[in-house]
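One structure is given below, encoded as structure tokens.
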Amino acid sequence: MRRVALSALLAHWRRHPLQLATLLLGLALATALWSGVQAINAEARASYARAAGVLGQDRLESLVPARGLPHLDQDIFVSLRRAGWQVSPLLEGQWSRAGISVQIVGLDPFTAPRSALPGMILDETRITDFLAPPGLAYGAPETVAALTGVVGLPPLAAAEGMAPGLLFTDIGIAQSLLRAEGRLSRLLILPDQPRSRPELAAIAPGLERRAPIEQADSAQLTGSFHLNLTAFGLLSFAVGLFIVHSAIGLAFEQRRPMFRTLRALGLPLRDLVVVLAGEVVLLALVAGLVGIALGYLIAAALLPDVAATLRGLYGATVSGSLSLRPEWWLGGLGMALAGAAIAAGQSLWRLWRLPLLAPAQPTAWARASTRALARQGIAAGGLALVAVLAAVHGQGIAGGFILLGALLISAALALPGILALMLAGGARLARGALAQWFWADTRQQLPGLSLALMALLLALSANIGVGTMVASFRLTFTDWLDQRLPSELYVTARDQEEARRLRDWLAPRIDALLPIWKVEGTILGGPVEIYGVADHRTYPDNWPLILGEADTWQVLARGQGMIVNEQLWRRADLALGDTVPLPGGAVRALVGVYADYGNPKGQVILGLDDLTALYPDVDRRRYAIRTDPAAVPELKTALTEEFGLPSDSMIDQGRVKEISLMVFERTFLVTGALNVLTMAVAGFAMFTSLLTLSTMRLPQLAPVWALGLTRRRLARLELIRAMLLAGLTLLVAVPVGLILAWVLLAVINVAAFGWKLPMHLFPADWLWLGLLALAAAGLAAAWPAWRLARLAPSDLLKVFADER
Amino acid sequence: MLLNIENVEKSHVSGGSRVAVLRGVSLSLEAGETVALTGESGSGKSTCLHLCAGLDRPDAGRIVVVGCDLARADDATLAGLRRGTVGLIFQQFNLIPSLTVRANLAFQARLSGRDDPDWCGELAMRLGLEGLHDRYPEQLSGGQQQRVAIGRALAARPALILADEPTGNLDEATGDAVLDLMLELVAESGAGLLMVTHSPRLAGRLGRRVRLTGGRLA
Numbered sequence: 024m025r026r027v028a029l030s031a032l033l034a035h036w037r038r039h040p041l042q043l044a045t046l047l048l049g050l051a052l053a054t055a056l057w058s059g060v061q062a063i064n065a066e067a068r069a070s071y072a073r074a075a076g077v078l079g080q081d082r083l084e085s086l087v088p089a090r091g092l093p094h095l096d097q098d099i100f101v102s103l104r105r106a107g108w109q110v111s112p113l114l115e116g117q118w119s120r121a122g123i124s125v126q127i128v129g130l131d132p133f134t135a136p137r138s139a140l141p142g143m144i145l146d147e148t149r150i151t152d153f154l155a156p157p158g159l160a161y162g163a164p165e166t167v168a169a170l171t172g173v174v175g176l177p178p179l180a181a182a183e184g185m186a187p188g189l190l191f192t193d194i195g196i197a198q199s200l201l202r203a204e205g206r207l208s209r210l211l212i213l214p215d216q217p218r219s220r221p222e223l224a225a226i227a228p229g230l231e232r233r234a235p236i237e238q239a240d241s242a243q244l245t246g247s248f249h250l251n252l253t254a255f256g257l258l259s260f261a262v263g264l265f266i267v268h269s270a271i272g273l274a275f276e277q278r279r280p281m282f283r284t285l286r287a288l289g290l291p292l293r294d295l296v297v298v299l300a301g302e303v304v305l306l307a308l309v310a311g312l313v314g315i316a317l318g319y320l321i322a323a324a325l326l327p328d329v330a331a332t333l334r335g336l337y338g339a340t341v342s343g344s345l346s347l348r349p350e351w352w353l354g355g356l357g358m359a360l361a362g363a364a365i366a367a368g369q370s371l372w373r374l375w376r377l378p379l380l381a382p383a384q385p386t387a388w389a390r391a392s393t394r395a396l397a398r399q400g401i402a403a404g405g406l407a408l409v410a411v412l413a414a415v416h417g418q419g420i421a422g423g424f425i426l427l428g429a430l431l432i433s434a435a436l437a438l439p440g441i442l443a444l445m446l447a448g449g450a451r452l453a454r455g456a457l458a459q460w461f462w463a464d465t466r467q468q469l470p471g472l473s474l475a476l477m478a479l480l481l482a483l484s485a486n487i488g489v490g491t492m493v494a495s496f497r498l499t500f501t502d503w504l505d506q507r508l509p510s511e512l513y514v515t516a517r518d519q520e521e522a523r524r525l526r527d528w529l530a531p532r533i534d535a536l537l538p539i540w541k542v543e544g545t546i547l548g549g550p551v552e553i554y555g556v557a558d559h560r561t562y563p564d565n566w567p568l569i570l571g572e573a574d575t576w577q578v579l580a581r582g583q584g585m586i587v588n589e590q591l592w593r594r595a596d597l598a599l600g601d602t603v604p605l606p607g608g609a610v611r612a613l614v615g616v617y618a619d620y621g622n623p624k625g626q627v628i629l630g631l632d633d634l635t636a637l638y639p640d641v642d643r644r645r646y647a648i649r650t651d652p653a654a655v656p657e658l659k660t661a662l663t664e665e666f667g668l669p670s671d672s673m674i675d676q677g678r679v680k681e682i683s684l685m686v687f688e689r690t691f692l693v694t695g696a697l698n699v700l701t702m703a704v705a706g707f708a709m710f711t712s713l714l715t716l717s718t719m720r721l722p723q724l725a726p727v728w729a730l731g732l733t734r735r736r737l738a739r740l741e742l743i744r745a746m747l748l749a750g751l752t753l754l755v756a757v758p759v760g761l762i763l764a765w766v767l768l769a770v771i772n773v774a775a776f777g778w779k780l781p782m783h784l785f786p787a788d789w790l791w792l793g794l795l796a797l798a799a800a801g802l803a804a805a806w807p808a809w810r811l812a813r814l815a816p817s818d819l820l821k822v823f824a825d826e827r
Numbered sequence: 004m005l006l007n008i009e010n011v012e013k014s015h016v017s018g019g020s021r022v023a024v025l026r027g028v029s030l031s032l033e034a035g036e037t038v039a040l041t042g043e044s045g046s047g048k049s050t051c052l053h054l055c056a057g058l059d060r061p062d063a064g065r066i067v068v069v070g071c072d073l074a075r076a077d078d079a080t081l082a083g084l085r086r087g088t089v090g091l092i093f094q095q096f097n098l099i100p101s102l103t104v105r106a107n108l109a110f111q112a113r114l115s116g117r118d119d120p121d122w123c124g125e126l127a128m129r130l131g132l133e134g135l136h137d138r139y140p141e142q143l144s145g146g147q148q149q150r151v152a153i154g155r156a157l158a159a160r161p162a163l164i165l166a167d168e169p170t171g172n173l174d175e176a177t178g179d180a181v182l183d184l185m186l187e188l189v190a191e192s193g194a195g196l197l198m199v200t201h202s203p204r205l206a207g208r209l210g211r212r213v214r215l216t217g218g219r220l221a
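Protein chains in written order, with the working numbering: chain A, 24 to 827; chain B, 4 to 221.
Encoded structure:
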């Protein structure tokens, strides 16, 4: 019986192939955007896990210099081994030349944990190559492929299972590559240690233990970035669901006479509901599979940009190629099923409650009575209240996303009511008969179009919100870069001795030499970089302080205080005057806070003398040079001739800004792409709704045609109607988008990245978006309107013929 | 001559084959004349009416409405004819659901630029629609809706009224009342009336009666 019923129900789709295509495409698009984002996240997480697991760093403790110095002496390793400590040396560093950069990990194959080494390193036939110059470097196949032909690296060999973006090589080779002869980054403490070994302090007092988790923080740092991607994926999924909901709702309404007949012929209601639910599952599976395939393509297209963003912003390396992971494709299929269930739930519930003798004629599809609008308005009000509560009491990024979600859904639910009021206003102002009909008829079309318009509202609001956020960020960031990079040239010496010679040589030739010296360490439980600044007018003149007094820089120069970046200030909830313990035990009072956009880490600035007094072994190789900008090329040439400094050791101001802006643009490239895709889905939602309505509207249009309007004129009015509704939706979307932008700038950014940005308004962008929305609505309405203009009179006459 | 139909032929494609609906129909109607067009279901009555209204075009033959040759008229001319010269009344009323009774009544007259609020008010009174002005079609009974449809057709003072089974959707008593009113108003306006009906009883109340059988006038 159920098979017969299913066959009868499926026949509907054979008669309405366009409707079937709409439903499948809507669900497939929704699933594609969601699963595409999830594929990117899954790939990134797998890369982090591989990177964290490099040489067992995710489970082995390390010995590192106690005062946050970048390197430790190789002799310490020898001393520890002689004393019985089972440790293995590691040297890590970024090797770059001619714009190509790779993470080098130098290791000792004889002491490194064997289980964490690629098997090939221990291959007897290749171990000699690995150890003897020019050495051998192992990398993931894609890394090796990307570096093939690069001059300056040792010969490369591919090893499966390695984290992308890094090369393993012998520690001696690595020291040569990274110009760090005799130095190590840290020592891995192997699991099996002799019981009788001496205390660490007795052999290496300058070292301290570091827990594994502190080193593997890529996943932690990038968590908010992935959450942002997920939020966008979810938004796109929600927009896609509007299409599915309307397509399923229409199919149910159109089949109401059939449902009544089937029940009258003896099919129990329960069986009918089960059969229809089965039909929805079947469609969801088909659409889900198509969506996952599309999602794979989207993810593959976006992944290189995401990988570049993560590398630029967080220094996290993610594979640029995508693999099919069960967690995301099964998740995508699950989302397709869940989405179809949500979209069909209301229709199945209505069917469950439908009396057998209910009118068989399809009611006006999704007709919104005043009562329904009122109910929707109450729900919108409730959600707006949730948004306000989340804004006032919400905490962290989760609170921010609750605020965003409640705000967007509230606005979407309120939209039909707001549009109805606007259209009623338009009708009151209308004078001619045709104008009155146009406004009244447009209002009557609202229920059928409301889902598509809600999707459009979400897409437009997201566009305005994210666009405002990105543009505000860009404006602030470029201003900030101009202020923060006042020095004309930045140089890095190869070693401390060269740095000393550089200082002496440069002193008479330039206006000022500003050291960029730093140590790394832990403050208030988080990793930070501690810099020292010289007592020079460059800083008070150029560095924007968020908080601080007029004499902040003098206080720093006297070594009586410290300033921190906004991220650390917010994360540690510090106030001016608070005393903060520094690595090594010193304590300084907080005297200022500065903006530090784009940096995921906490940062502290001390006076230069204070820094060198607290950390005498600080790395002193980097400098900023103040000089006449016109003299920079000549100075670079002289530095090359005098010191043989490679070009990548001298970066001028313009190049630093260029790199920073490139990282910035890359960061928001993916956001922009998802924005465009969401708009496309919303446009498609509008198109499908208009197309569906166009066939249902004939009974409303035929009498007007019969009373003396040409089909072409009616078609023009249909086109104008769609554009009018899109325009009115944009009017609602602008304030919603601006609130969204405020939430992103003042709540989400603060929670996710630790910095708050000023909000700027860009009305020209709204105008452009408005034109885009009108064009999208016009395009969506074009085909239905064209069909109406070309409709044969006999088709319109059927409306009257069907009366009998 | 208000309406002149000469040797009109019309066929439809049905199930892949062409079916002749009208086979050389000729008919004329003078101003003030009322004619009932009767026939079995499928005999072509409604098709003939639609052709006269300029809603469709004949395959062959000629239809002239108040001097306008419909075969030569373009879409815009036909639309203008429907707005100003012809008043259409349908069996299913076909009121505009988004407009009130008042707006529906005046709709066609306003479209044709012949809006006369006094005349509309009188029509509303004569049709018994007072007090219903601000209601929407869905809030009216079938009889009330058909009276609005008749008022709409007459409000523009058309020269020719074409009615397609105007009482077919009403019970007998309501139908009779509506027809009485329609005939009375048509007689007062001096317009010609061509009314399609399959009811011999109703047809008998009009000035002349013609019968379509197998696509030809009997």
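Beta carbons are placed, not taken as given, at the ideal position from N, Cα and C, and that holds for glycine.
- For the region 81-93 of chain B, residues whose beta-carbon sits nearer than 9 Å to a beta-carbon of chain A comprise Leu81, Ala82, Gly83, Leu84, Arg85, Arg86, Gly87, Val89, Leu91, Phe93.
- Of all residues in the region 109-140 of chain B, only Ala109, Phe110, Gln111, Ala112, Arg113, Leu114, Ser115, Asp118 place a beta-carbon less than 9 Å from a beta-carbon of chain A.
- Ranked by Cα distance from Ser672 (chain A), the options A:Arg120, A:Met702, A:Arg376 are led by A:Arg120.
- Following the DSSP letters along the chain, one finds Asn486 (chain A) inside the alpha helix (DSSP H) bounded by residues 456-507.
- At a cut-off of 9 Å, the C-beta of Arg160 (chain B) has no neighbouring C-beta in chain A.
- For the region 716-733 of chain A, residues whose beta-carbon sits nearer than 9 Å to a beta-carbon of chain B comprise Pro722, Gln723, Ala725, Pro726, Val727, Trp728, Ala729, Leu730, Gly731, Leu732, Thr733.
- Residue contact with chain A for Leu58 (chain B): present (Cβ-Cβ distance below 9 Å to some residue of chain A).
- The C-beta distance from Ala530 (chain A) to Leu537 (chain A) rounds to 12 Å, too long to meet the 8 Å contact threshold.
- Short of 7 Å from the beta carbon of Ala413 (chain A), and not among the five residues preceding or following it, lie these beta carbons of its own chain, in chain order: Gly422, Ile425, Leu426, Ala429.
- Restricting attention to A:Leu95, A:Phe776, A:Leu747, the CA atom closest to the CA of Leu446 (chain A) is found in A:Leu747.
- Annotation for Asn698 (chain A): Ala485, Asn486, Val489 place their beta carbon closer than 7 Å to its own, counting only its chain and skipping 5 residues before and after.
- For Gly630 (chain A), the uninterrupted beta strand (DSSP E) run begins and ends at 625-630, by DSSP.
- By the criterion of a C-beta distance shorter than 6 Å, Asn7 (chain B) is surrounded in its chain by Ser31, Val67, once the five residues flanking it on both sides are discounted.
- Contact annotation: Leu658 (chain A) and Leu512 (chain A) have beta-carbon atoms nearer than 9 Å.
- As the crow flies, the alpha-carbon of Val409 (chain A) is around 34 Å from that of Ala322 (chain A).
- Taking 9 Å as the cut-off, the beta carbon of Leu317 (chain A) is found no closer than this to the beta carbon of Ala44 (chain A).
- A check of alpha carbon separations from Val297 (chain A) across A:Leu476, A:Leu374, A:Pro327, A:Trp352 identifies A:Leu374 as the nearest.
- Contact note: Arg466 (chain A) reaches chain B through Ser101, using a C-beta cutoff of 9 Å and chain order.
- For Glu231 (chain A), the three-state secondary structure derived from DSSP is strand.
- Under the three-state reduction of DSSP output, Arg218 (chain A) falls in the coil class, being neither helix nor strand.
- Given a length threshold of 4 residues, each whole run of the alpha helix (DSSP H) inside the region 65-153 of chain B is given here in chain order: 78-87, 104-114, 120-129.
- In the structure shown, His15 (chain B) adopts extended strand secondary structure according to DSSP, grouped into three states.
- Taking C-beta atoms under 8 Å as the contact rule, Gly162 (chain A) and Leu170 (chain A) qualify, at a distance of about 7 Å.
- For Tyr513 (chain A), the secondary structure class from DSSP, reduced to helix, strand or coil, is strand.
- Taking a beta-carbon distance threshold of 9 Å, Arg150 (chain B) does not count as an interface residue toward chain A.
- The beta carbon of Leu83 (chain A) sits closer than 8 Å to those of Pro136, Leu211, Ile212, Leu213, Pro214, Pro235, all from its chain and outside the five residues before and after it, given in chain order.
- If you look at Thr151 (chain A), you'll find it in the alpha helix (DSSP H) that goes 150-154.
- Taking a Cβ-Cβ cut-off of 8 Å, the neighbours of Ala106 (chain B) in chain A comprise Ala456, Gln459, Trp460, Ala463, given in sequence order.
- Using a Cβ distance threshold of 9 Å, Ile266 (chain A) and Leu474 (chain A) count as a contacting pair.
- When the beta-carbon positions are compared, Val542 (chain A) and Tyr638 (chain A) come within less than 9 Å of each other.
- Ala647 (chain A) and Asn622 (chain A) have their C-alpha atoms some 19 Å from each other.
- Going by C-alpha positions, Ala74 (chain B) is about 19 Å away from Ala162 (chain B).
- Counting along the chain, Thr545 (chain A) sits inside no alpha helix (DSSP H); it lies in the beta strand (DSSP E) bounded by residues 540-546.
- Segment contact: the region 138-148 of chain B against the region 102-116 of chain B, three or more CB-CB distances shorter than 8 Å; contact assigned.
- By the neighbour-count criterion, in which 16 or more other beta carbons inside 10 Å mark a residue as buried, Gly129 (chain A) falls on the buried side.
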